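Its first residue numbered 28, the sequence shown is counted upward by one per residue in the numbering used here. All residues carry an ideal CB built from backbone N, CA and C; glycine is no exception. The model shown is predicted, which means the values in this text are computed figures rather than measured ones.
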Amino acid sequence: MSARGTVALSQGSNVVASGACGTALQVPSGTYRAVVTLDGALDRPTQVRTLTVTPGGTASFPAGFRTALLEVRVMANGRPAPGRAVLTRDGRTIASVGSGIVAKVSAGTYHVRALYRTAALEYDVPLFPGQ
28 MSARGTVALS
38 QGSNVVASGA
48 CGTALQVPSG
58 TYRAVVTLDG
68 ALDRPTQVRT
78 LTVTPGGTAS
88 FPAGFRTALL
98 EVRVMANGRP
108 APGRAVLTRD
118 GRTIASVGSG
128 IVAKVSAGTY
138 HVRALYRTAA
148 LEYDVPLFPG
158 Q
């Protein structure tokens with residue numbers, strides 16, 4: 028299954044070209060730092076490669092991301108409630124999402140803090156690719 032992403036090619040601190048993955052970017056021959064970002068994932072996962080373009084040539088590389096879907100449903104007295112969840116991973120806040128919102132994230136373990144009014148419940152949630 029393919030997903031949309033973007034790629035940025037840079038030399039040093041200068042971005043030379045950027046665009047959608049799968050579309051050709053015109054750049055002079057040389058060596059570039061290629062940063063591919065998966066679109067639509069809350070944690071904005073990236074992959075970095077060194078890419079060399081020869082005179083008159085082309086260069087490409089595959090990029091794959093291991094993702095999962097996470098949905099937190101806040102309930103009060105057995106009924107859906109208008110709460111939210113704060114997602115953190117490796118000590119970094121990824122996002123705050125409303126109850127019932129399905130979020131695409133990189134596979135891994137997330138700390139989820141579910142909030143409803145003044146109450147909070149916390150969970151560590153392992154997510155596996157394709158889940």
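Asked                                                                                                                                                                  : Found
Secondary structure at residue 55, three-state DSSP: helix, strand or coil?                                                                                            : coil
May I ask which residues mark the beginning and end of the beta strand (DSSP E) holding residue 38?                                                                    : 32–38
So, for residue 70: in the same chain, excluding its five sequence neighbours on each side, which residues have a beta-carbon less than 6 Å away from its beta-carbon? : 121, 132, 133
Under the DSSP definition of a beta bridge, which residues are partnered with residue 123?                                                                             : 113
Let me make sure I understand the geometry here. Which of 146, 129, 97, 92 has the alpha-carbon closest to that of residue 136?                                        : 97
Could you check which residue in 124, 114, 32 has the C-alpha nearest to that of residue 63?                                                                           : 32
Shortest alpha-carbon distance to residue 42 belongs to which of 116, 61, 101, 66?                                                                                     : 61
Can you name the start and end residues of the beta strand (DSSP E) that residue 46 belongs to?                                                                        : 41–47
Between the beta-carbon of residue 103 and the beta-carbon of residue 154, is there less than 8 Å?                                                                     : no
Less than 6 Å between C-beta atoms, sequence neighbours within five positions excluded: which residues of the same chain meet that for residue 78?                     : 59, 61, 86
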